[in-house]
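Student:
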Amino acid sequence: MPKGDRALPRECVDRLQAADAILHAGDLVTVEVLRMLEALGPPVHAVHGNVDNAAVCAELPPTRVLELPGGPVVAMIHDAGPAAGRGHRMRRSFPRAGVVIFGHSHIPLHERGEGGLELFNPGSPTERRRAPGHTMGEGVVHGGRLELALIHLD
9 MPKGDRALPR ECVDRLQAAD AILHAGDLVT VEVLRMLEAL GPPVHAVHGN VDNAAVCAEL
69 PPTRVLELPG GPVVAMIHDA GPAAGRGHRM RRSFPRAGVV IFGHSHIPLH ERGEGGLELF
129 NPGSPTERRR APGHTMGEGV VHGGRLELAL IHLD
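Be aware that the sequence shown starts at 9, since it is given in the numbering used here, and climbs by one per residue.
(1) For P80 versus V55, is the C-beta distance shorter than 9 Å?
(2) Could you compute how far the alpha carbon of G123 sits from the alpha carbon of V64?
(3) Could you tell me the distance, in whole angstroms, from the CA atom of E126 to the CA atom of N61?
(4) Report the rounded CA-to-CA distance for T143 versus I159, giving the unit in angstroms.
(5) Pull the bridge partners of G152 from the DSSP assignment, please.
(6) At what residues does the alpha helix (DSSP H) containing E122 begin and finish?
(7) Starting from R97 and walking both ways along the beta strand (DSSP E), at which residues does that stretch end?
(8) Using the beta-carbon count (16 or more within 10 Å), is G95 buried or exposed?
(9) Could you round the C-beta distance between E19 and L161 to whole angstroms and report it? I think they count as a contact, below 8 Å.
(10) Run through the region 17 to 48 for me and flag every whole beta strand (DSSP E) of 3 or more residues, listed as ranges in chain order.
(11) Are the CB atoms of F102 and H118 nearer to each other than 9 Å?
(12) In its own chain, which residues sit with a C-beta less than 6 Å from the C-beta of R104, not counting the 5 before and 5 after it?
(13) Rounding to the nearest angstrom, what Cα-Cα distance links L31 and A92 in this structure?
(14) In this structure, what does DSSP give as the bridge partners for A157?
(15) Measure the beta-carbon distance from A139 to H86 and round it to whole angstroms, keeping in mind my assumption that it falls under 8 Å.
(16) Using C-beta distances below 6 Å, list every residue in its chain close to S132, excluding the 5 sequence neighbours before and after it, in chain order.
If you want it as structure tokens, here you go:
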């Protein structure tokens, strides 16, 4: 978004409106997309990505660390770098985090890295690139943990 006539799938919008918070790992492109997400209701926590314009980059940080109520520390970054050594790099960059959410490739990924650190790329509901379909992520805080799931929208 907002290239062409892309729009968030209805299921994605419904899930976002029902959420307690929206986390976005970058590539919003324009501030208008950020405002559209904010208008859905829940608070938006986002980082800027590599294709975001200057206004988005001025408004959003490159990284963010959130302490979720009743849950773990969640770090956000757009580009977590190449797969080789990613867990080690993210652990070094975010030593308190239990989860690192990232984007950039738009390819969904959920794996455990160094020391049990969860690495999570929710993919994209609008630009699948090389992924088999459109996806988003959903997290639920339960028992002090953030339980993450990839949601397939196709």
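Glycine included, C-beta positions come from ideal geometry on N, C-alpha and C.
Tutor: Working from what's here:
(1) Annotated as distal: P80 and V55, with beta-carbon spacing of 9 Å or more.
(2) About 33 Å.
(3) 29 Å
(4) CA-CA distance, T143 to I159, rounds to 5 Å.
(5) The partner list for G152 (beta bridge, DSSP) is empty, contrary to what the question assumes.
(6) It is not in any alpha helix (DSSP H) - E122 carries neither H nor E in the DSSP assignment.
(7) Premise fails: R97 lies in the alpha helix (DSSP H), 94 to 101, not in any beta strand (DSSP E).
(8) buried
(9) 6 Å
(10) 30 to 32
(11) no
(12) In chain order, V81 place their CB closer than 6 Å to the CB of R104, counting only its own chain and leaving out the 5 sequence neighbours on each side.
(13) 25 Å
(14) Partner(s): E146.
(15) Contact flag wrong, Cβ pair sits at about 17 Å.
(16) H114
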